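Step one of this worksheet: look at the structure below.
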Amino acid sequence: MKVGEWVGEYIDVYEDSLHEKWGPFIRIRVWIDISHPLMRGKMASLPNVRDEHWLEFRYENLPIFCSHCGRLGHPFEKCIGFLELVDNGVEPDLPFGPFMIAKARHNTNKIKMLQTSDGNVLHTDVNFATKASSFFSQLFTTSVIDNDALNVTLPAITSSITADMNVSLLKDFTFAEVEDALHSIAPHRSPSIDGMSAMFFQHHWDIVGPLVSKCVLQILNDGADISAINSAINYHFNPQGGESQTIG
1 MKVGEWVGEY IDVYEDSLHE KWGPFIRIRV WIDISHPLMR GKMASLPNVR
51 DEHWLEFRYE NLPIFCSHCG RLGHPFEKCI GFLELVDNGV EPDLPFGPFM
101 IAKARHNTNK IKMLQTSDGN VLHTDVNFAT KASSFFSQLF TTSVIDNDAL
151 NVTLPAITSS ITADMNVSLL KDFTFAEVED ALHSIAPHRS PSIDGMSAMF
201 FQHHWDIVGP LVSKCVLQIL NDGADISAIN SAINYHFNPQ GGESQTIG
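Take a look at the structure:
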């Protein structure tokens, strides 16, 4: 491939890159002479296009390279050419840089097609997800209980929970256990993306503790609905004496 020959010795082209939705890029593998500067790009003539276009080159898995001379193996702070210019009072250019590094590839292990047990072939992410959800739901559920198999299997399983342990496990949760659980959380951890940090509750437990504990225990012990906690709350505020606004 001609583009690969511009950069170095052409090896092959990754045809799967044509389907990775990268935009106007193609992924090519080449041998390059690391004693020479990396190529940033090249002016090229394209078929059926009158004017030349600048083709930018990007590199994957680059080791350290110099932003001044473009060679591998050293940063610009240790580049002889860069240091000589600095010693002579000249401000060196840095024509090479991180822009030459290709972004991380997210589609390396992308599933392009999936064949089901009945022979149908799926091609879209939506169909993949639907089929996977259905498959694992059926895998871990059953419509028929084999009592004979249970009668043989269950007695063969050694019990690791004693009667006393079981009594303790079945007890209701307590206020003390809720507080202990809270203080075991790192102070800056949050229960959700919009939740208050644990530090807030730890520092003000004497104020919020009774109400929070009551709410938690109602959920753990009484089976109260937890969805209400995750609902958005409307807050009213008055910015600089203006009209009240609502957020939430």
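Everything in the sequence shown is counted per UniProt numbering, starting at 1 for the first residue and increasing by one.
From the three backbone atoms N, C-alpha and C, an ideal C-beta is built for every residue, glycine too.
Only a predicted model underlies this, so the values are computations on that prediction, with no experimental measurement involved.
- Per DSSP, K42 is one residue of the beta strand (DSSP E) stretching across 41–44.
- With fewer than 16 other CB atoms across the displayed protein chains lying within 10 angstroms of its CB, A163 is exposed.
- Contact between the region 75–95 and the region 118–128 is absent: fewer than 3 CB-CB pairs across the two stretches fall below 8 Å.
- The beta carbon of D172 sits closer than 6 Å to those of N221, all from its chain and outside the five residues before and after it, given in chain order.
- H53: member of the beta strand (DSSP E) spanning 53–56, first to last residue.
- The region 167–187 makes no contact with the region 139–146: fewer than 3 CB pairs, one atom from each, lie closer than 8 Å.
- The way I'd put it, the region 177–185 does touch the region 209–220; three or more beta-carbon pairs between them come closer than 8 Å.
- For G8 against P37, the beta-carbon gap comes to about 12 Å, at or over 8 Å, which does not count as contact.
- With contacts defined by Cβ atoms closer than 7 Å, F57 and G81 do not form a contacting pair.
- Under DSSP, the beta-bridge partners assigned to W31 are E9.
- Pairing V13 with I34 gives a Cβ-Cβ distance that is not under 7 Å.
- Distance from the CA of P75 to the CA of C66, rounded to the nearest whole angstrom, comes to 4 Å.
- Of the candidates S168, A129, I157, A102, the residue whose Cα lies closest to the Cα of P63 is A102.
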